[in-house]
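Number 291 marks the last residue of the sequence shown (our numbering); no jumps. Ideal Cβ placement from N, Cα and C applies to all residues, glycine included. Contents: one structure, followed by commentary.
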Amino acid sequence: MDVKTAFLNEHLSEDVYMVQPEGFIDLKYPKRVCKLNKSICGLKQASRSWNLCFDQKIKEFGFVKNEDEPCVYRKASESSISFLILYVDDILIIGNNIPMLSEVKQWLGSCFAMKDLGEAAYILGIRIYRNRSKRFLWLNQSAYIDKMMARFKMENSKKGGVPMTKGTMLNKSQSPSTDIETKRMEAVPYASAIGSIIPSMAHWTAVKNILKYLRRTKDMSLIFGGVEEEPTVRCYTNASFQTDRDDSCSQLGFVFTLNGGAVSWKSSKQSVVADSTTESEYIAALDTA
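Structure representation (structure tokens):
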């Protein structure tokens, strides 16, 4: 579902003024300004005002906000349960009771100007597939990856087997040290691909390996569901040892799965320097917990 003109729904809690809009200028008082009664698009507090407004309305209908994911809401009634996910003005609703879902839609329609987009098939670059008979749901980003390949002119590249080759070492000393090297890197779209400030060709080669890997695995999906009666949560964690050549920090990673489908994951550099592989693993386990 989509909320029409979402940012225009909430009244402002402070005084905000704006110049008279073009086409509506009072010729008698051209230097006067307009006081806003409601939030408008482009206002710095517009997003927050809209979120507070939606949060209040959806809680009035009995939904409870998730403490860890503040844009996820849940409503349970006996054996019926509904989940609502908000992304700016886009709303996903899922549940095990059709009448309850219809009631949620009706409530939202009574609070805001809504557009029902029907069964969700594509959102935020993610394609949604279903097999209702086997109770499976797939999430796939092949279309998004294809666009990314075209953007970086790699749609005809070789397909990589792994996201990063063994032995790859990247550090600050590899950054351009001469004007010629800097000029050469200016033509490389590394910043838009990764967000680095001063990359080198070694960094760009590593990025291309990731893109090649994505091209080979673009049709792989996250799979959720199945016929298991009891939900099974598993966690996997791992760590390297002093792989950052600049500060000797290690890398950690973890993934949580629910009945085999990944639901939470992370890969990041550890904030402290481990003195042994065992300590590095303990740090990763602590961060995971």
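Beta-carbon gap between residue i and residue j smaller than 8 Å
i	j	result
A152	D91	no
L1	A264	Absent from the structure is residue 1, since the part of the chain shown begins at 3 and ends at 291.
N144	K220	According to the sequence as given, residue 144 is Ser; it is not Asn. Result yes, Cβ atoms of S144 and K220 sit closer than 8 Å.
K161	K210	no
V66	K59	no
S252	T245	yes
V74	I87	yes
A208	M156	no
T239	G255	yes
G228	F154	no
I83	G64	no
K6	K117	yes
A241	A291	no
Start-to-end residues for the beta strand (DSSP E) that takes in residue i
i	result
Q253	253 to 260
L141	138 to 142
F226	224 to 227
Y284	Segment 279 to 290 is the alpha helix (DSSP H) holding Y284; no beta strand (DSSP E) there.
A78	74 to 79
Three-state secondary structure assigned by DSSP to residue i
i	result
L110	helix
L94	strand
M20	strand
I200	Low local confidence applies: a pLDDT of 49 at I200 is under 50, so the model's placement there is unreliable, with the coordinate-based value given in what follows. In the structure shown, I200 sits in coil (DSSP, three-state: anything other than H, G, I, E or B).
F85	strand
D221	coil
M102	helix
T207	helix
K33	coil
L10	helix
K149	helix
S15	coil
K40	strand
K155	coil
K67	strand
L216	helix
I27	coil
Residue from the options whose Cα sits closest to the Cα of residue i
i	options	result
T279	F243, G262, K107	F243
S250	V275, L260, S112	V275
S159	E105, F138, R218, C36	R218
D248	K271, R134, F256	K271
K61	C113, R137, N261	C113
C43	E281, L141, F138, E12	E12
L14	D57, W140, N39, M203	N39
A115	W52, G127, D4	D4
E80	A122, I212, M102, L110	M102
Y146	S135, K136, K37, G127	G127
C36	H205, I125, M20, S104	M20
K268	V257, N261, G262, D277	V257
G111	D28, W206, Y31, F56	F56
S51	P32, P72, L10, L29	L10
Residues sharing a beta bridge with residue i, DSSP
i	result
I125	I128
G162	G162 is not bridged to any residue.
Y238	V257
N133	F138
V5	M116
K271	Q253
G263	L260
Range of the contiguous alpha helix (DSSP H) that encloses residue i
i	result
R50	48 to 62
Chain B contact for residue i (CB, 8 Å cutoff)
i	result
L29	No chain B appears in this structure, which consists of one protein chain only.
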